[in-house]
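In my numbering, the protein residues as written are 819 to 1535.
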């Protein structure tokens, strides 16, 4: 069950030649794949490319009609290894995943694929997740392209350019017998626009056809002596073929004046931001027309010496707009100018930040600085001096004005009670070394839990605690891994490793039934039926199969006391070897997406529906807020009372509550708080419901009148 359904949007994939496609970048990429006659596609979900996997999953019928094979791969390495089908066969294949964590995982398969080369076009669509909104370490895909000698495209963020880049990518791959990486940033993935569609093409050779006519070429297999010849072929044959293709097909573009004294070179993905900055400087119109000379690198690797040197002809200074560090492109261009003996001054990071996302304001400041230093005559008079009013609010001022908003768990998240139980156990037994992992559960490192010392990669939480397997240790380590990470990498790298090395630590597998952090895609242990995938494979059985002897399964994580007891037992038992706790409860977001429409439909249809609602008795709440310190639910806040005798605010539950009950259970496990109550809200009540409600109100009214009369009696006395 993905984050959202694209069932309606995928019908646009059926558009015929000459019809206009209107939609989002991700959908345009999918349409381009089908227009190019792709034979198979694999991938692993991850922002900002997750929706491409979801679109393909929802387009199974269309893919089937065309004979295109699609599968959600177990990992990025699996997806890249799939492209082996293009090594010997003239079949176009594509793989997609998030960067750079995806390229890290895929690196081994990518290196082998690039060494032997391909016959059919092999396209790797990488969702570049760089900048302040990223959830990963700040690295670039560029290094992987250079390391493995695969060509890297970076199209301008508009639909015609994106679609053309897919077409060019396949043709470039075939022309140079080399895999091609297509880098799409978040602006590419989610930009909306139009392009004229072409007919979808069945692959000339399908994977089924290939199985009927197997081929092999020893020269393509990565073993000596062929592997030594591969390196020579890359330099002597594939590189020149790629450069010739890029040049002859005019993959890179030049805009603006040919005669200016300055120019700007940029990655294709930076084009929109550069044009917007020039517009704000009064040097471009709304259609992108500008007098500033622009060299747009839709192919950022390999670079073409002749193109760049021709662009620099007659220019005094050129600015390189290259987001991120190291500045690979700037260094390469500087070397070209030096070898050619050119006097053009090349600048880049002198005017733009060394690292970090090139936002609109950053781009405006950087390009403005470059032009003021090298071509002030181009600028209108009012912007020839630095624009102090456009520099934005200082970060220090923002910190004083805007409260911090760290990431946290969703309302009703079943992972929150797991970490509440961990905090309670630590209060009993003392602090432990805790290793975290990638996924929703990583939010445990933030307040109010503040758990976890490291996170080393997807599925590697327990592996990162393996160094603490000391025979002299007085305490055991605790490590966490999610169900997505468990199936991606953790089964062998973490669980298998712990069994093999007789690790004595505690491993908690957080099982929320989906790959929730990437959008709620199904995985092997998902409990829902999936018409194209095999699900309902219990994590507990896989763990047992790896040799784990001490295993506990908590099938309702909201039971904080039970979770606490399991952790306490795991940390204190005399039994040696890894102690594994599988903590299972369905992701609340996916559950709400499934149940809310059904409940709303039932209510509108007149069916009796009971919804739980939790609240806090203000007269009972003491205001110590232990419930919040051990929960952190966004629906749980504080409320000031009008009572002059009550200074401390009390706990309060707002309308976002989904009725999971965690706050009450946490409070109960921590301090036996009786102030939480549950009320059942009945929609479309029956006659019996109405009778019971009348009886309750009558009984409550009687007791209230009785108490009031006794109060007055004592007052008179």
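All residues carry an ideal CB built from backbone N, CA and C; glycine is no exception.
Residue 1311 is not a Cβ neighbour of residue 1365, given a cutoff of 7 Å. The DSSP assignment places 887 to 890, 911 to 917 and 940 to 946 as complete runs of the beta strand (DSSP E) inside the stretch 867 to 952, in order along the chain (cut-off: 3 residues). The alpha helix (DSSP H) runs of length 4 or more contained entirely in the stretch 953 to 995 are, from start to end of the chain, 960 to 966 and 977 to 994. By the neighbour-count criterion, in which a residue is buried when 16 or more other Cβ atoms sit within 10 angstroms of its Cβ, residue 1382 is buried.
In this structure, residue 1368 lies away from residue 1341, with their beta-carbon atoms at least 7 Å apart. Residue 855 has its alpha-carbon roughly 38 Å from the corresponding atom of residue 1075.
Excluding sequence positions up to five before and after residue 1289, its CB lies less than 7 Å from no other CB in the same chain. Here residue 972 is actually not in contact with residue 1143; their C-beta atoms are around 16 Å apart, not less than 8 Å. Counting only runs of at least 4 residues, the stretch 1025 to 1079 fully encloses the following alpha helix (DSSP H) elements, listed from N- to C-terminal order: 1025 to 1030, 1044 to 1051 and 1057 to 1066. If you draw a straight line from the Cα of residue 1440 to the Cα of residue 1291, it is about 41 Å long.
Nearest Cα to residue 976 within the set 1007, 907, 1445 and 949: 1007.
Taken in chain order, the complete beta strand (DSSP E) segments of 3 or more residues contained in the stretch 1321 to 1345 are 1324 to 1329. Straight-line measurement puts the Cα of residue 1505 at about 20 Å from the Cα of residue 1518. Nearest to residue 1115 by C-alpha distance, out of 1247, 1065 and 1132, is 1065. Distance from residue 1385 to residue 1240 at the Cβ level is roughly 6 Å; contact confirmed, criterion being Cβ atoms closer than 8 Å. The stretch 913 to 921 makes no contact with the stretch 822 to 842: fewer than 3 CB pairs, one atom from each, lie closer than 8 Å.
In the three-state DSSP reduction, residue 1088 falls in the helix class (H, G or I).
Judged by DSSP in its simplified three-state form, residue 838 adopts strand. Approximately 5 Å separates the beta-carbon atoms of residue 1182 and residue 1095; this is inside 8 Å, confirming the contact. Between residue 839 and residue 1046, the gap from beta carbon to beta carbon reaches 7 Å or more.
The beta carbon of residue 1088 is closer than 7 Å to those of 1139, 1141 and 1176 in its chain, skipping five residues each way along the sequence.
Buried is the label assigned to residue 1108, since at least 16 other Cβ atoms lie within 10 Å of its Cβ. In this structure, the alpha-carbon of residue 1453 lies about 33 Å from that of residue 1308.
The stretch 1258 to 1270 and the stretch 1227 to 1234 touch, with no fewer than 3 CB-CB distances between them shorter than 8 Å.
Residue 1334 and residue 1125 have their C-alpha atoms some 46 Å from each other. Residue 1149 is not a Cβ neighbour of residue 1079, given a cutoff of 7 Å.
Taking 8 Å as the upper bound for CB-CB distance, residue 1243 and residue 1389 are in contact here, some 7 Å apart. A distance below 7 Å separates the beta carbons of residue 861 and residue 891. In the DSSP annotation of this structure, the continuous segment of the alpha helix (DSSP H) that includes residue 1239 starts and ends at 1234 to 1247.
Rounded to whole angstroms, the gap between the alpha carbons of residue 1246 and residue 1493 is 24 Å. The shortest C-alpha to C-alpha distance from residue 1172 to any of 1237, 1471, 1235 and 957 is the one to 957. Under the DSSP assignment, residue 1305 falls outside any beta strand (DSSP E); it carries neither an H nor an E label. Rounded to whole angstroms, the gap between the alpha carbons of residue 1034 and residue 906 is 6 Å. For the set 927, 885 and 1015, the Cα lying nearest the Cα of residue 834 is the one of 1015. Residue 1023 places its beta carbon less than 7 Å from that of residue 909. Taking C-alpha positions only, residue 828 is separated from residue 841 by approximately 10 Å.
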